[in-house]
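>
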Amino acid sequence: MEPLQPVSPGARVVLGAGFFVVFIAAWGLATYGGWVPPLFLASPGKTLVAGWSLLTEFNFTGDIAITIWRVVGGFLIAALMAVPLGLLMGAFKPVEAFFEPFFSFARYLPASAFIPLLILWAGVGEAQKLSVIVIGSVFQLVIMVTGIAGATRLDLVEAARTLGSRRIAILRRVVIPAAAPQIAETLRLVLGWAWTYVIVAELIGATSGIGHMIMDSQRLLDTGQMIFGIAVIGIIGL
Numbered sequence: 000m001e002p003l004q005p006v007s008p009g010a011r012v013v014l015g016a017g018f019f020v021v022f023i024a025a026w027g028l029a030t031y032g033g034w035v036p037p038l039f040l041a042s043p044g045k046t047l048v049a050g051w052s053l054l055t056e057f058n059f060t061g062d063i064a065i066t067i068w069r070v071v072g073g074f075l076i077a078a079l080m081a082v083p084l085g086l087l088m089g090a091f092k093p094v095e096a097f098f099e100p101f102f103s104f105a106r107y108l109p110a111s112a113f114i115p116l117l118i119l120w121a122g123v124g125e126a127q128k129l130s131v132i133v134i135g136s137v138f139q140l141v142i143m144v145t146g147i148a149g150a151t152r153l154d155l156v157e158a159a160r161t162l163g164s165r166r167i168a169i170l171r172r173v174v175i176p177a178a179a180p181q182i183a184e185t186l187r188l189v190l191g192w193a194w195t196y197v198i199v200a201e202l203i204g205a206t207s208g209i210g211h212m213i214m215d216s217q218r219l220l221d222t223g224q225m226i227f228g229i230a231v232i233g234i235i236g237l
């Protein structure tokens, strides 16, 4: 093993799978060996049994579906707001100068801090949960898309201007195509963050969703169901 030496795809798969084998073995040793009480950590077997019970008896698939709908819906709203504005801010510096102070401030506001206000304004229905995801995603997206669009190569912009392209044409023909791959990667990254926001939103006042199931399991002291719910979030996020 040498520093920065790449590994083959096959070795990467084996090493990645090996981590999970070691992790589950340590988990099983801690629980089956009696080192950790079942009240605090369910065993791997009990977690699988609890998960099967959730799927077959408690309509957990419905909770999964509603959570996915909330994530996708809130994220799409945030993306439709953030990407056009971020492109304009990155391409046109006066627009950036106008909006940037606010978004630089707002990006550090935790979405969870807005939940009491959102419950007051929108109740505990779907609007509140979608709003949490939008607030958690939109400010970050605007700043990140602005940086991507603003990093467009100036020689490409000058070449387009020399060929007669003007403001909107340069944005449409140069900035957007140049920024599109990185914007797509940014959207994928922020979509992962949106999962944390929806779970937080579902922990308060929800009657469905993965977060709601985890809270119900916590009240019942069922760590198997809680761990299974957390694992499902990670699997979907892949």
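Just so we're aligned: 68 in numbering that gives the first Met the number 0 is position 69 of the sequence shown, and the numbers increase by one with no gaps anywhere. Using N, Cα and C, we set each Cβ at its ideal position, and we do this for glycine too. Just so it is clear, the structure is predicted and the values come from calculations on it, not from any experiment.
(1) Identify, in the order they occur along the chain, each residue of the same chain with its Cβ nearer than 6 Å to the Cβ of A207, setting aside the five sequence neighbours on each side.
(2) Let me know if W120 comes out buried or exposed under the rule of 16 or more other beta-carbons within 10 Å of its beta-carbon.
(3) Taking the alpha helix (DSSP H) that T60 belongs to, which residues open and close that run?
(4) Between which residues of its own chain and V156 is the CB-CB distance below 8 Å, once the five residues before and five after are set aside?
(5) Can you tell me whether DSSP reads W34 as helix, strand or coil?
(6) Just the Cα atoms here: how many angstroms apart are I132 and F97?
(7) Taking the alpha-carbon positions, what's the L190 to A41 distance?
(8) Nearest CA to the CA of A183: which residue from L153, D154, V199 and V144?
(9) Straight-line CA distance for M214 to D154?
(10) Is it the case that the Cβ atoms of A112 and R152 are separated by a distance below 8 Å?
(11) Can you give me the C-alpha to C-alpha distance between E56 and L108, rounded to a whole angstrom?
By the coordinates alone:
(1) Residue identity differs from the one stated: residue 207 is Ser in this sequence, not Ala. These residues qualify, in order along the chain: D62 and I65.
(2) Classification for W120: exposed.
(3) F59 to A90
(4) I169, V173 and V174
(5) coil
(6) 25 Å
(7) 30 Å
(8) The residue among L153, D154, V199 and V144 with its C-alpha nearest the C-alpha of A183 is V144.
(9) 55 Å
(10) no
(11) 39 Å
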